[in-house]
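Q: First the structure, which I've put down as structure tokens, then a few questions once you've had a look.
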């Protein structure tokens with residue numbers, strides 16, 4: 001807190017006075033060991049906690065306990081065996097075993113305090129609940145002297161306060177550290193050494209709140225579901241390896257006896273080349289372009305649908321366990337910026353279109369780089385350089401794309417926030433949802449545009465020898481390799497996916513926080529170098545937590561995983577090992593995020609939530625889009641459909657022999673345009689009259705030379721038919737999975753119904769007890785009224801005016 005500016009001091013005085021009026025207790029500590037910073041500690045007394053718990057409709061445990069429906073028979077034995085098997089990988093925290101009893105919860109009410117277990121008032125509201133209550137009061141308490149009138153968020157934005165945060169339970173490491181939830185989380189959750197254990201989700205929720213608990217629960221379910229996907233992906237990859245030597249098209253491409261001379265890859269500087277020189281690429285492409293990849297695409301579409309259904313059921317179980325089944329989010333307070341209406345909304349669309357245009361401009365720049373680099377390398381005198389042109393250009397272009405994607409990711413995050421601020425959403429929830437949607441759109445385009453180019457555009461608009469398509473009249477469009485673009489798509493996808501994971505995890509999530517922590521350490525040491533180490537040991541909890549990084553929300557964590565989910569599902573037909581690399585990354589990611597939350601961040605304010613919000617809709621959208629994209633990848637990017645068409649329509653013996661020759665068209669070198677023919681046509685040692693290129697066109701000796709042949713239309717029709725059939729079939733199967741698996745587990749729905757019945761019984765019993773007490777009291781009153789007049793019952797003795805006699809009334813204590 002800056003105590004040197006009078007204006008801010010006046011604002012703080014008014015705000016803190018309003019907090020006192022709201023019932024909070026404040027304790028100031030201006031004599032701290034952090035230079036220029038003072039602290040205000042806030043305490044919520046019991047009556048305030050009860051008032052706010054009733055206002056927020058917090059469900060609290062009652063005195064009533066009941067038996068949970070237990071499984072019986074064979075299912076019970078199976079669960080018992082599974083429990084024993086998984087016991088070594090369970091975290092050593094309380095209540096990790098299935099419970100047979102559950103406490104009945106009910107929204108807290110001060111009128112019904114007798115229903116709740118108030119034997120220990122100090123622990124009735126845990127630290128997570130207390131922080132939620134206090135922050136709710138901080139948000140709605142106004143300060144009229146502030147620029148905006150709404151609560152702590154405005155004061156923080158205007159620099160009146162430097163930070164507002166709940167305290168951690170204590171230290172998490174050290175010999176004499178007292179046992180606390182933070183230390184337990186560090187030991188059983190936030191260390192890489194426990195990567196093989198389940199997460200203590202209930203303890204995470206107890207310490208950080210439901211919203212963060214749901215994120216880690218979702219991440220755990222997603223990581224678990226990657227295990228079967230990884231196993232199937234490895235099997236598909238091994239199938240490709242096992243059948244590589246049996247692939248007839250790649251064998252024909254590698255056979256030098258065919259002596260197929262290919263047309264130049266660029267104008268003038270590039271010469272003719274032998275198809276057998278692309279042997280390695282053709283053999284490698286079979287690893288990812290084989291019949292098993294079609295099966296894997298169908299499997300992954302069903303996997304995505306199953307994952308979403310599994311998560312919905314898991315989420316419902318957590319809602320029941322965390323007493324959120326009846327919870328509905330109420331209307332949030334209006335944002336301060338909404339009240340001010342600083343800027344107009346009209347700037348939004350124009351700016352957004354410009355930023356997305358930046359991505360397409362960069363992709364176009366990389367395309368020109370690839371074309372010009374290929375031409376430059378073709379002029380090199382070294383045969384080894386010329387023979388590795390494709391590998392060199394592809395690798396360097398992908399690395400450039402990766403660097404640009406990582407840099408623009410950070411830029412687009414800031415742009416999305418800026419665009420959302422311009423819109424001035426009314427509530428924090430609306431602000432967060434709009435921010436997430438914009439950031440996702442920008443980062444989606446940024447991450448996947450280079451991959452979309454290779455998958456669906458590269459080699460599609462090349463033209464033909466003698467009539468090529470040019471960019472800016474100078475750069476000839478790129479061609480796919482004779483084996484197709486699928487191998488290059490695999491390289492592009494794998495490098496971008498792995499590069500983002502390695503660089504973002506190691507540099508951004510590990511390196512940068514450690515660097516910031518080291519800078520803060522040096523700054524504090526410079527402020528008090530003489531007694532720095534001693535002062536660190538004497539610091540209070542709030543001083544230690546102030547030096548931690550502020551919590552910036554879950555959006556970056558979710559965004560990283562959602563983009564990864566896109567890599568796993570959208571182009572899985574080209575890279576079956578994507579789920580495996582995602583699994584290995586996530587095993588580290590869970591512990592990395594856990595360690596960050598426990599050791600490096602200030603404790604976030606606990607926020608109640610019953611689902612993962614807009615992220616679920618984004619996941620469903622990606623899952624639906626993945627079906628369409630994989631259908632087009634199999635149909636148009638791979639050679640799966642052309643091979644089927646050739647086998648059943650053109651092959652003489654029903655095999656793939658002759659397929660390569662069938663997909664190549666012929667070109668008479670005398671038809672080259674002026675200035676485009678190779679400058680060194682004798683580079684192969686013989687004169688070339690006919691060269692071949694990959695396309696379905698009429699030969700130069702035909703009447704309609706170089707026109708599109710009927711084979712092209714046959715293949716195109718088959719490709720479109722496959723897209724329609726594949727898409728509808730997989731969509732139907734996904735919807736069937738969605739329909740078959742109920743959203744709410746049967747046992748949970750039974751337990752929820754049982755809770756409602758028990759709650760009705762509890763209130764009926766309470767009402768009966770009240771009526772019984774009332775009847776008993778009335779009976780006693782009636783007996784008193786009917787009693788004879790004597791000194792034991794002076795009320796029954798009226799005076800002449802119909803009221804008790806004065807002497808008798810005084811004797812009875814009535815004045």
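Numbering (UniProt numbering), first residue to last: 1 to 815. Using N, Cα and C, we set each Cβ at its ideal position, and we do this for glycine too.
Using DSSP with H/G/I as helix, E/B as strand and the rest coil, what is residue 273?
A: If DSSP states are grouped into helix, strand and coil, residue 273 belongs with the strands.
Q: Which class does residue 55 belong to by DSSP, given the choice of helix, strand or coil?
A: Correct three-state label for residue 55: helix.
Q: Do you know offhand how far residue 320's Cα is from residue 103's?
A: Their backbone Cα atoms lie some 12 angstroms apart in a straight line.
Q: Between which two residues does the beta strand (DSSP E) holding residue 42 run?
A: From DSSP, the beta strand (DSSP E) with residue 42 extends over 39–43.
Q: Here's a check: name, in chain order, each residue in its chain whose Cβ is nearer than 8 angstroms to the Cβ of residue 243, leaving out the five neighbours to either side.
A: Excluding positions up to five away in sequence, the list reads 286, 290.
Q: Ends of the alpha helix (DSSP H) at residue 285?
A: It spans 279–285 - the alpha helix (DSSP H) in which residue 285 sits, taken as one unbroken run.
Q: Between residue 26 and residue 44, is the Cβ-Cβ spacing less than 8 angstroms?
A: Not in contact: residue 26 and residue 44 (Cβ atoms no closer than 8 angstroms).
Q: Using DSSP with H/G/I as helix, E/B as strand and the rest coil, what is residue 317?
A: Residue state, collapsed to three classes: helix.
Q: Mark residue 830 as exposed unless 16 or more other C-beta atoms lie within 10 angstroms of its C-beta, in which case mark it buried.
A: Because the chain is modelled from 1 through 815, residue 830 falls outside the range shown and cannot be assessed.
Q: So, with DSSP's three-state summary, where would you put residue 594?
A: Helix at residue 594.
Q: So residue 727 packs on residue 573, CB below 8 angstroms; how close in whole Å?
A: That pair is no contact at about 13 angstroms.
Q: Hey, is the region 417–434 in contact with the region 538–549, meaning 3+ C-beta pairs nearer than 8 angstroms?
A: Touching, no, given that fewer than three Cβ pairs across the two stretches are closer than 8 angstroms.
Q: What are the boundary residues of the beta strand (DSSP E) that residue 694 is part of?
A: Element bounds for residue 694: 690–694.
Q: Which of helix, strand or coil does DSSP assign to residue 15?
A: Residue state, collapsed to three classes: helix.
Q: Which whole runs of the alpha helix (DSSP H) in the region 699–755 are 4 residues long or more, in chain order?
A: Entirely contained in the region 699–755, the alpha helix (DSSP H) runs reaching 4 residues are, in chain order, 710–740.
Q: From the DSSP secondary-structure annotation, give me the bridge partner or partners of residue 67.
A: Partner(s): 101.
Q: For the alpha helix (DSSP H) containing residue 154, list its first residue and its last residue.
A: That run of the alpha helix (DSSP H) goes 151–157.
Q: What residue range is occupied by the uninterrupted alpha helix (DSSP H) comprising residue 630?
A: Here the alpha helix (DSSP H) through residue 630 covers 614–632.
Q: What are the partner residues of residue 471, as DSSP defines its beta bridges?
A: Residue 471 pairs with 475.
Q: Alpha carbon to alpha carbon, how far is residue 233 from residue 307?
A: Whole-angstrom Cα-Cα distance: 16 angstroms.
Q: Would residue 248 pass as a contact of residue 640 if the rule is Cβ separation under 8 angstroms?
A: It is not a contact, given that the beta carbons lie outside the stated cut-off.
Q: Can you check which of these residues, 432, 600, 229, 621, is closest to residue 553 by C-alpha distance?
A: If we check each option's Cα against that of residue 553, 432 comes out closest.
Q: Do you know whose CA, among 211, 82, 17, 209, lies nearest residue 141's CA?
A: Residue 141 has its Cα closest to that of 17, out of 211, 82, 17, 209.
Q: Applying the 10 Å Cβ sphere with the 16-neighbour rule, what's the burial state of residue 800?
A: Here residue 800 scores only 42 on pLDDT, less than 50, and its place in the model should not be relied on; the value that follows carries that caveat. Residue 800 should be labelled exposed.
Q: If you draw a straight line from the C-alpha of residue 68 to the C-alpha of residue 199, how long is it?
A: One C-alpha to the other measures close to 23 angstroms.
Q: Determine the direct distance from the alpha carbon of residue 401 to that of residue 497, and round the result to whole angstroms.
A: Rounded to the nearest angstrom, the two C-alpha atoms are 11 angstroms apart.
Q: Straight-line CA distance for residue 42 to residue 159?
A: Each residue's Cα considered, the two are about 19 angstroms apart.
Q: Along the beta strand (DSSP E) that carries residue 27, what are the first and last residues, could you check?
A: Looking at the DSSP string, the run of the beta strand (DSSP E) that includes residue 27 is 25–29.
Q: Give the secondary structure of residue 664 by DSSP, where H, G and I count as helix, E and B as strand, and everything else as coil.
A: DSSP places residue 664 in strand when its eight states are reduced to three.
Q: Return the chain-ordered list of same chain residues with a C-beta closer than 8 angstroms to the C-beta of residue 758, the five sequence neighbours on each side being excluded.
A: Excluding residues within five positions, the ones whose Cβ falls inside 8 angstroms are 64, 66, 104.
Q: With a threshold of 7 angstroms on Cβ separation, who are the neighbours of residue 454 within its own chain once the five nearest residues in sequence on each side are excluded?
A: 485, 488, 489, 492, listed in sequence order.
Q: Looking only at its own chain, which residues have a Cβ that is under 8 angstroms from the Cβ of residue 250, when we skip the five neighbours before and after it?
A: Counting only Cβ-Cβ distances below 8 angstroms, and skipping sequence neighbours, we find 244, 279, 282, 283, 285, 286, 483.
Q: Report the three-state DSSP secondary structure of residue 62 (helix, strand or coil).
A: Reduced to three states, the DSSP call for residue 62 is strand.
Q: Considering only the alpha carbon of each residue, which of 457, 368, 458 lies closest to residue 475?
A: Selected option, being the one with the closest Cα: 368.
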